[in-house]
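Keeping their order, the protein sequence lines are chains A and B.
If you count by the working numbering, then the first sequence holds residues 1 to 218, one letter each, in order.
If you count by the working numbering, then the second sequence holds residues 1001 to 1252, one letter each, in order.
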Amino acid sequence: MPRKRSFFKDNDAIVNDRARTSANPAFNRPGLPGLLDAAIASQTSSHSVNAVLVRVREGYLPEQVAEPIRRWKHLEAYDRAGMEDILVAKLIATSAKQIGMFLVILAIVSAAVVTFIIYTMTIGKIREIAVLKLIGTSNTTIASMILQQAMGLGLIGFLVGKLAATLWAPVFPKYVLLLQNDALRGLAAVMLICALASTLAIRIAIKVDPAEAIGGGT
Amino acid sequence: MTSIIQPSIRQAGIVVQRLRKVYGQGDTAVEALKSVDMVVCPGEVVGLVGPSGSGKSTLLKCLGAIIEPTSGRMVLGGNTLYDNAWKTKDLRTLRRDNIGFVFQAPYLIPFLDVTDNVALLPMLAGMPNSLARARALELLKELDVAHRAKAEPSQLSGGEQQRVSIARALANRPPVILADEPTAPLNSERALAVMRILNRMAIQYQAAVIVVTHDEKIIPTFKRIYHIREGRTMEEAGEGRSLDQMRPTLPS
């Protein structure tokens, strides 16, 4: 029934294991020159295998092959759907969670940085804001100016980030798929972060007394 | 107090009667203005001088509808704005439409070019952008800074910035202009040039202008001066020296 059996003895885990063995000082003793070769030979000649890939002939269902194998102790059989589940739900999902965690940390740090920048820029313009209020500018107009500034900062940051990610992606070992929709969602998230970050500066600006534009004292 | 010039309230640019301002209450109350009377005609530039703590800034803030007086009466441009209470709740619009401000430093908006700095006020008042910019350019031309219309404020000299701030103060054609130490950071030549511009604009736009100043260089140029001391004003005739005879040039 099984058409083909493939034994991948030298998979990544075995190659890595062999490299670790080679680097292990316990197998590289000066007084025992053949120890390392013997250890590697014992690994290579081992009859234990990690997994067997089975391709089922046409007309047979994978489940028909898997079911009797599962009855054996210490053996587990997966069909294509099961393997995809292991790959997507376990391996990729773990990577996605790790990237997600980095994204959350980066988002918090970015929000703090944007808040600080906008806050500093606003504090530096208190006199100008007081003048704007004095000459009749509404709080809404001033708030929208600060919001536009934050959004502009976010847009520049997003464009620089997207360009850098696109250009540098090939240099990195793992390929991260960034779809158009992901980029748009990222842009929306950046705009939201910037809008939230500008609220502190807006609060400060709204509290500015127009009298600050006129010289102090009585 | 009898004013040297006595226009009717309707004709006057600024009329202030028995204006009083008390900060705080009870034992901690401070009477910054005790009884201020003042009349400024349209087209006239008067000086407001006095030592520190005499109440100059308080009077300017009351006239500018920034703080509320305790009692008295204020008429700006023929409209009673305060008579023991504000006549309107919308002080922001009142300031925008009736009062032009010139400050010690120009305080131009750094991210707007010169034209937009001047056009901002008419735009805020609802004027279409193209008309507001046309008006701004016209004012900049009158103040000899039209050639810097597209420049950023940081690219202008101190004198040019001050002229742009005067243009901004005039942008909504207000009946009243309040100038707070407008010549303090300028040298004699530039200070006199700013005063010349204020006088010319006051006449051209029939605005009543009050200049708060300590600047000895410009005090001789006023025809009338209000001295404020311990919360009361005293009017006296100034030297009224001709600005054209004093210095002929505009600030660079």
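A virtual CB, placed ideally from N, CA and C, is assigned to each residue, including glycine.
Pick from B/R1096, B/P1153, B/G1126, B/A1125 that is closest to B/L1178, judged by C-alpha positions
Counting from 1 along the second sequence, the entry for residue 1178 of chain B is found at position 178. Looking at the Cα atoms, B/R1096 is the closest of the given residues.
Is the Cβ of A/R203 closer than 9 Å to any Cβ of chain B?
In the first sequence, residue 203 of chain A corresponds to position 203, counting from 1. False, the Cβ-Cβ gap to chain B never drops below 9 Å.
Start and end of the beta strand (DSSP E) containing B/N1079?
The residue you call residue 1079 of chain B lines up with position 79 of the second sequence. Where B/N1079 is concerned, the enclosing beta strand (DSSP E) starts and stops at 1079 to 1083.
DSSP on A/W168, reduced to helix/strand/coil?
Working through the first sequence from its first residue, we reach residue 168 of chain A at position 168. Three-state result, A/W168: helix.
What number of angstroms, rounded off, separates the C-alpha of B/R1224 from the C-alpha of B/I1218?
Your numbering for residue 1224 of chain B matches position 224 in the second sequence. Your numbering for residue 1218 of chain B matches position 218 in the second sequence. Approximately 12 Å, taken between the alpha carbons.
Taking only runs of the beta strand (DSSP E) that begin and end inside the stretch 1112 to 1182 of chain B, which ones reach a length of at least 3 residues, in chain order?
1176 to 1180
Quick test of your reading: A/A143 and A/E212, contact by CB under 8 Å. State the CB separation rounded to the nearest angstrom.
In the first sequence, the residue the question calls residue 143 of chain A occupies position 143. In the first sequence, the residue the question calls residue 212 of chain A occupies position 212. The C-beta distance from A/A143 to A/E212 rounds to 18 Å, too long to meet the 8 Å contact threshold.
Using DSSP with H/G/I as helix, E/B as strand and the rest coil, what is A/H74?
Numbered from its first residue, the first sequence carries residue 74 of chain A at position 74. In this structure, A/H74 counts as coil in the three-state DSSP scheme.
Min CB distance B/T1249 to chain A below 9 Å:
Locating residue 1249 of chain B in the second sequence gives position 249, counting from the first residue. Here the model assigns B/T1249 a pLDDT of 47, short of 50, so the residue's position is not dependable, and the following value carries that caveat. Output row for B/T1249: interface = no.
Beta strand (DSSP E) containing B/E1068: first to last residue?
The residue given as residue 1068 of chain B occupies position 68 in the second sequence. No beta strand (DSSP E) holds B/E1068; DSSP gives it neither H nor E.
What's the C-alpha gap between B/A1105 and A/D182?
Against the second sequence, residue 1105 of chain B aligns to sequence position 105. Against the first sequence, residue 182 of chain A aligns to sequence position 182. Whole-angstrom Cα-Cα distance: 48 Å.
Spell out the partners DSSP gives B/Y1226 in its beta bridges.
Mapped onto the second sequence, residue 1226 of chain B falls at position 226. Paired residues: B/L1048, B/E1235.
Let me see if you follow: with CB-CB separation under 9 Å, is B/K1061 close to chain A or not?
For the purposes of this step, residue 1061 of chain B is taken as residue 61 along the second sequence, with counting starting at 1. Answer yes: the Cβ-Cβ gap between B/K1061 and chain A drops below 9 Å somewhere.
Beta carbon of B/I1099, beta carbon of B/G1064: below 9 Å?
The residue you call residue 1099 of chain B lines up with position 99 of the second sequence. The residue you call residue 1064 of chain B lines up with position 64 of the second sequence. Yes, the pair counts as a contact, with Cβ atoms nearer than the cut-off.
Could you have a look at A/V176 and say whether DSSP puts it in helix, strand or coil?
In the first sequence, residue 176 of chain A corresponds to position 176, counting from 1. Coil at A/V176, not helix or strand.
Is there at least one Cβ from chain A nearer than 9 Å to B/L1140's Cβ?
Walking along the second sequence from the start, residue 1140 of chain B turns up at place 140. For B/L1140, the answer is no, since every Cβ of chain A falls outside 9 Å of its Cβ.
Is there contact between the stretch 1188 to 1203 of chain B and the stretch 1038 to 1058 of chain B, where contact requires at least three CB pairs shorter than 8 Å?
yes
Count Cβ pairs between the stretch 135 to 154 of chain A and the stretch 189 to 201 of chain A that sit closer than 8 Å; are there 3 or more?
yes
Report yes or no: do three or more beta-carbon pairs, one from the stretch 114 to 127 of chain A and one from the stretch 201 to 209 of chain A, lie closer than 8 Å?
yes
Where do the N-terminal and C-terminal ends of the alpha helix (DSSP H) with B/E1031 fall, by residue?
The count along the second sequence starts at 1 and reaches residue 1031 of chain B at position 31. B/E1031 -> not in any alpha helix (DSSP H); beta strand (DSSP E) instead, spanning 1030 to 1040.
Starting from the Cα of A/R185, find the closest Cα among A/I126, A/L103, A/I123, A/W168 and give me that residue.
Position 185 of the first sequence, counted from the start, is the residue given in the question as residue 185 of chain A. Ranking A/I126, A/L103, A/I123, A/W168 by CA distance to the CA of A/R185 puts A/L103 first.
Using a Cβ-Cβ cut-off of 8 Å (strictly less than) and excluding sequence neighbours within five positions of A/L36, which residues of its own chain qualify?
As a working mapping, residue 36 of chain A is identified with position 36 in the first sequence. For A/L36, where only same-chain residues beyond five positions count, the Cβ hits under 8 Å are T21, S22, F27, N28.
Take B/A1032 and list the residues in its own chain whose beta-carbon comes closer than 8 Å to its own, dropping the five residues that flank it on each side.
Along the second sequence, read from residue 1 onward, the residue named residue 1032 of chain B stands at position 32. Counting only Cβ-Cβ distances below 8 Å, and skipping sequence neighbours, we find K1021, V1022, Y1023, G1055, T1058, G1231.
Measure from the C-beta of A/G154 to each C-beta in chain B and report whether the shortest distance is under 9 Å.
Translated into the one-based positions of the first sequence, residue 154 of chain A becomes position 154. The beta-carbon of A/G154 is placed no less than 9 Å from the nearest beta-carbon of chain B.
Does the CB of B/V1016 have a neighbour CB from chain A at under 9 Å?
Here residue 1016 of chain B refers to the residue found at position 16 when the second sequence is read from its first residue. So, not an interface residue.
Contact belief for A/A66 with A/A77 at Cβ below 8 Å, rounded distance in angstroms
Position 66 of the first sequence, counted from the first residue, corresponds to residue 66 of chain A. Position 77 of the first sequence, counted from the first residue, corresponds to residue 77 of chain A. That pair is a contact at about 4 Å.
Here's the rule: buried if 16 or more other CB atoms are within 10 angstroms of the residue's CB, otherwise exposed. What is B/M1195?
Numbered from 1 along the second sequence, position 195 holds the residue referred to as residue 1195 of chain B. The residue is buried, with at least 16 neighbouring Cβ atoms inside 10 Å.
At the level of alpha carbons, what is the spacing between A/A89 and A/P210?
Translated into the one-based positions of the first sequence, residue 89 of chain A becomes position 89. Translated into the one-based positions of the first sequence, residue 210 of chain A becomes position 210. Each residue's Cα considered, the two are about 59 Å apart.
Report the CB separation of B/V1114 from B/R1148 in whole angstroms; it is logged as a contact under 8 Å.
On the second sequence, position 114 is the one that residue 1114 of chain B refers to. On the second sequence, position 148 is the one that residue 1148 of chain B refers to. Separation of the CB atoms of B/V1114 and B/R1148 is rounded to 5 Å, and the pair is thereby assigned contact status at 8 Å.
Take B/L1124 as the anchor and find which of A/N139, A/K174, A/P30 has the nearest alpha-carbon.
Against the second sequence, residue 1124 of chain B aligns to sequence position 124. It is A/N139.
So with CB distances below 7 Å, who are the chain A contacts of B/Y1107?
What you label residue 1107 of chain B is simply residue 107 of the second sequence in a count that begins at 1. Simply R127, E128, V131, A213.
Report the option in A/R55, A/A81, A/R18 whose CA atom is closest to the CA atom of A/S42.
For the purposes of this step, residue 42 of chain A is taken as residue 42 along the first sequence, with counting starting at 1. Comparing Cα positions, the closest option is A/R18.
Which residues mark the beginning and the end of the beta strand (DSSP E) in which B/K1021 is found?
Sequence index remark: in the second sequence, residue 1021 of chain B carries index 21 (1-based). Where B/K1021 is concerned, the enclosing beta strand (DSSP E) stretches over 1014 to 1023.
Beta-carbon proximity list for B/A1136, same chain, < 6 Å, skipping 5 on both sides:
What you label residue 1136 of chain B is simply residue 136 of the second sequence in a count that begins at 1. Contacts found: T1115, V1118, A1119.
Quick one: is A/T94 buried, meaning 16 or more other Cβ sit within 10 Å of its Cβ, or exposed?
Locating residue 94 of chain A in the first sequence gives position 94, counting from the first residue. Residue environment: A/T94 is assigned as exposed (fewer than 16 neighbouring CB atoms within 10 Å of its CB, all protein chains considered).
Selection from A/I69, A/E63, A/L91, A/L159 that minimises the alpha carbon distance to A/R80
On the first sequence, position 80 is the one that residue 80 of chain A refers to. Checking every option, the nearest Cα to that of A/R80 belongs to A/E63.
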